[in-house]
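Start counting at 1 in the sequence shown, then tack on 3, and there's your number in my numbering.
The block underneath contains the structure these notes are about, expressed in structure tokens.
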Amino acid sequence: MTADELQEAIWRVDGIRVVIFTDAVTPLPFNEAWSDAFPGDRTVAEYRQARLRQLTDAGIGYAILDGTFEAPSNRIVLQALRASYKQNGAFG
């Protein structure tokens, strides 16, 4: 899976904007994306640990963005993060 494919899969499945700091076609350590959305009552920190650890382990940088294109606090729950996209018109 490439960086571009992973970014799109995360948006489609989890409803979260993630920017991966590599070119769009670089193969990443993900074979396939997950099919179930990460629970909305979990935090950004929990999301990073569960979903994006492979990027961290591979030394690939990334940023999670909220609806104002800022990095959210690791303590924000995903339900609030997802709502920030709608509140700020950041659809995609």
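Glycine included, every Cβ here is placed at the ideal spot set by N, Cα and C.
Quick one: is residue i buried, meaning 16 or more other Cβ sit within 10 Å of its Cβ, or exposed?
i     : result
Val21 : buried
Pro75 : buried
Val28 : exposed
Ala48 : exposed
Gln82 : exposed
Gln10 : buried
At which residues does the beta strand (DSSP E) containing residue i begin and terminate?
i     : result
Arg20 : Arg20 to Ile23
Ala48 : Element bounds for Ala48: not the beta strand (DSSP E) but the alpha helix (DSSP H), Val47 to Arg54.
If you draw a straight line from the C-alpha of residue i to the C-alpha of residue j, how long is it?
i     : j     : result
Ala53 : Ile23 : 16 Å
Go through its chain and collect everything with a Cβ distance to residue i's Cβ below 6 Å, but skip five positions before and after it.
i     : result
Pro32 : Gln57 and Ala61
Leu68 : Arg20
Ser87 : Asp69 and Gly70
In the DSSP assignment, find the alpha helix (DSSP H) that holds residue i and state where it starts and stops.
i     : result
Ala86 : Leu81 to Gln90
Ile13 : Ala6 to Asp17
Cutting at 8 Å between CB atoms, please list the residues of its own chain near residue i, excluding the five before and the five after it.
i    : result
Asp7 : Ala27 and Val28
ask   = Would the region 36-53 and the region 8-20 be scored as touching if the rule is three or more Cβ pairs under 8 Å?
value = yes
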